[in-house]
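In the UniProt record's numbering, the protein residues as written are 1 to 172. Quick reminder that beta carbons are idealized off the backbone N, C-alpha and C, glycines included.
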């Protein structure tokens, strides 16, 4: 039941690396960092900055939401960012706001099937990656956001166990 979710999370963590300097890149030596490739990494020459494709880079970004892939006008929003000199966004895979697509498929009876993905949710994410690539915007992808499950009001009434179609194991 949760195998699909676990696989997706692992895939996102492996295939789409999260930009996180404390996760180990910042602790590599300058020599090993320079051999790490053209991906984004702490700068060899300016450790307070980043480098991308071997060149120093200052990441600049500001958007009106953290789960930007859910934005209804993503292309024009990214154009505004680039026009202002931005080159970076943080995207959480959140679906907590009203009107957001949920990650899991919702059956006609209103229940969420935890073994089926909602294709629209993933199409929006793919669109974000395409649009940011066109504009050479660096994307920080976060699978989970601390606010998604922090407040009880965020969980909609249709997501407690009664709203699931998959069997839930007993947590003991």
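On the CB-based measure, 16 or more other CB atoms within 10 Å of its CB, does residue i come out buried or exposed?
i           : result
residue 97  : exposed
residue 81  : buried
residue 67  : buried
residue 91  : buried
residue 46  : exposed
residue 126 : exposed
residue 78  : buried
residue 83  : exposed
residue 141 : buried
Which two residues bound the contiguous alpha helix (DSSP H) that contains residue i?
i           : result
residue 88  : No alpha helix (DSSP H) holds residue 88; the beta strand (DSSP E) holding it covers 88-92.
residue 131 : 119-134
Within 7 Å: the Cβ of residue i and any heavy atom of the ligand NAD?
i          : result
residue 41 : Of the ligands one can find in the structure shown there are none, so the ligand NAD has no counterpart to examine.
Looking at the strands, I want to know which residues DSSP matches up with residue i.
i           : result
residue 40  : Beta-bridge pairing links residue 40 to no other residue.
residue 50  : 42, 57
residue 113 : 105
residue 137 : Answer is none; residue 137 lacks a bridge partner.
What residue range does the beta strand (DSSP E) around residue i cover?
i           : result
residue 104 : 104-106
residue 83  : Run containing residue 83: none in the beta strand (DSSP E); it sits in the alpha helix (DSSP H), 74-83.
Between residue i and the rest of its own chain, which residues show a CB-CB distance below 7 Å, the 5 nearest in sequence each way excluded?
i           : result
residue 128 : 68, 69, 74, 91
residue 53  : 38
residue 58  : 49
Starting from the C-beta of residue i, find all residues in its chain whose C-beta is less than 8 Å away, skip the five residues before and the five after it, and write them out in chain order.
i           : result
residue 86  : 60, 61, 62, 137
residue 118 : 101, 102, 103, 104, 105, 106
Enumerate in chain order the residues of its own chain whose CB-to-CB distance from residue i is below 6 Å, with the five nearest sequence positions on each side excluded.
i           : result
residue 131 : 74, 75, 78
residue 116 : 105
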